[in-house]
Amino acid sequence: MQDFTSLNIIFIISGGVLTFVILFIFAKRQITRFALRSRRGPHIPIGTDAKKCLKKELERRIEAVPRIMHEPRLLSTEPSHYILEPQQPYHYRFRAVDDVKTLEEEIARQDPGLRRHPRESLRAFLLSSLAAPLDGRGQKLVHQFCDTYEFARHHPGEFGEDEYTAYSRLLLKLLDACRYGQAAQLRECSVTIPQ
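For the sequence shown, position 184 (counting from the first letter as 1) is numbered 171 according to the working numbering, and the numbering increases by one without interruption.
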């Protein structure tokens, strides 16, 4: 009977040691996995055998990549690219985003110093650049336009032809205000300049 209990004790101890070894191997594997995942950049350093100045230049350029932003046109401006007008659900969303580019180009044409950076808020840009032509009543128009633009760009709800028509009406009002503001500035300049 005593041999049976000592055999049980040996099995229990060996099972505990085996469990400890398996847990140790698993924990070490997980720690190295998370360490590799959390490290910034690739697993193999770039330019390991390069000169120090070249390494710094490589790191500077790699770190600059997340700061690069660009908002391209989504649809072609030439109608010859389309045999039929596309009727996909995202088509009106693309047109809405491209129309903002048209508005920005018109504002930049009126005042070349005004350009919107892709990270700058559209609402803040429009309120600051169209403040004079719109007076005080135009702020509501800018807010409506920006809300509709954000709905078209980010909201998962349907943005179809009806929503795009309302959006384009707001866009035309803003374009008219932009052109009217430039015409008013030209009139003011012609009045103040003696001839």
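Glycine is no exception: its CB is placed at the ideal position from the N, C-alpha and C atoms. Note that the coordinates shown come from a computational prediction; the quantities given were computed from them, not determined experimentally.
Item	Value
So is Thr(-8) buried or exposed if we call it buried at 16+ other beta carbons inside 10 Å?	exposed
Does DSSP classify Asp36 as helix, strand or coil?	coil
Given Leu62, which residues of its chain have a CB within under 6 Å of its CB, disregarding the five upstream and five downstream residues?	Phe81 and Asp85
Determine the contact status of Tyr154 and Ala164, defining contact as a CB-CB distance below 8 Å.	no
What residue range does the alpha helix (DSSP H) around Leu114 cover?	Leu109 to Ser116
From Pro105, Val129 and Arg102, pick the residue whose C-alpha is nearest to that of Leu114; which is it?	Val129
Just to confirm the assignment, what range does the alpha helix (DSSP H) spanning Leu128 have?	Gly125 to His141
Can you tell me whether Arg156 is helix, strand or coil according to DSSP?	helix
Quick one: is Gly125 buried, meaning 16 or more other Cβ sit within 10 Å of its Cβ, or exposed?	buried
Measuring alpha carbon to alpha carbon, tell me which residue in His141, Cys40, Leu(-6) and Val87 is nearest Pro59.	Val87
Give the range of the alpha helix (DSSP H) segment to which Gln97 is assigned.	His78 to Gln97
Helix, strand or coil for Arg48, going by three-state DSSP, please let me know.	helix
Roughly how many angstroms separate the alpha carbons of Arg184 and Pro105, rounded to a whole number?	Residue 184 lies beyond the stretch modelled for the chain, which goes from -12 to 182, so this question has no answer here.
Helix, strand or coil, according to DSSP, for Arg166 in the structure here?	helix
Assign Tyr79 to one of two classes, buried (16 or more other C-beta atoms within 10 Å of its C-beta) or exposed (fewer than that).	buried
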